[in-house]
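Visitor: Input: one structure, supplied below.
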Amino acid sequence: MNTHCQTIKFPNHDLDHHDASQLVSLQGVIRFKALLRSQTMLGALTILVILGLMLAFHQVVLGAVAQGESLQQARNLQSEAFWRCNRLLIPAERDNCRFRINAEVSASAP
836 MNTHCQTIKF
846 PNHDLDHHDA
856 SQLVSLQGVI
866 RFKALLRSQT
876 MLGALTILVI
886 LGLMLAFHQV
896 VLGAVAQGES
906 LQQARNLQSE
916 AFWRCNRLLI
926 PAERDNCRFR
936 INAEVSASAP
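Okay, structure coming up:
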């Protein structure tokens, strides 16, 4: 395939007075279409898209793992706090301790 850009002649003379940037962008579009027709470039573009999707998936999984670890740590702390409350000998103190833990948990719940 010929991927070299060819000179473009417009029959309409009004286009001759337009910006050179329009011609450059048109040439860029022609080059881009020629590159997409190339099997090598299409394969490379496919690989880049797949790598990008894999990177995005990796970031989502890392976020889910971090959130799971945070949730597990919060559960462990709550369990330890309940254990300490249950070790109190006076029932009124034990009930008050449990009430405070439940109040803190409900206040921090989303």
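Mind the numbering: the sequence shown is residues 836 to 945 in this note's numbering, read in order.
Ideal placement from N, C-alpha and C gives every residue a C-beta, glycine not left out.
1) Alpha carbon to alpha carbon, how far is residue 872 from residue 880?
2) Hey, residue 936 and residue 916 are a contact pair by Cβ (cut 8 Å); roughly how many whole angstroms apart?
3) Less than 8 Å between the CB atoms is what I'm expecting for residue 913 and residue 940, so what's the real figure, rounded?
4) Can you grab the Cα-Cα spacing for the pair residue 877 / residue 870, in whole Å?
5) When you compare only the Cα positions, how much space is there between residue 923 and residue 889?
6) Give the C-beta separation of residue 920 and residue 933 to the nearest angstrom, bearing in mind that I take them to be a contact with Cβ-Cβ under 8 Å.
7) Curious, which full-length alpha helix (DSSP H) runs of at least 4 residues does the region 848 to 904 contain?
8) Do you know offhand how far residue 866's Cα is from residue 883's?
Guide: Reading off the structure:
1) Just so you know, the alpha carbons of residue 872 and residue 880 end up roughly 12 Å apart.
2) Yes, residue 936 and residue 916 are in contact; Cβ-Cβ is about 5 Å, under 8 Å.
3) Distance from residue 913 to residue 940 at the Cβ level is roughly 6 Å; contact confirmed, criterion being Cβ atoms closer than 8 Å.
4) One C-alpha to the other measures close to 8 Å.
5) Taking the straight line from one Cα to the other gives about 52 Å.
6) 5 Å between Cβ atoms; contact.
7) The region 848 to 904 contains these whole alpha helix (DSSP H) runs: 855 to 872.
8) The straight-line gap from Cα to Cα measures roughly 19 Å.
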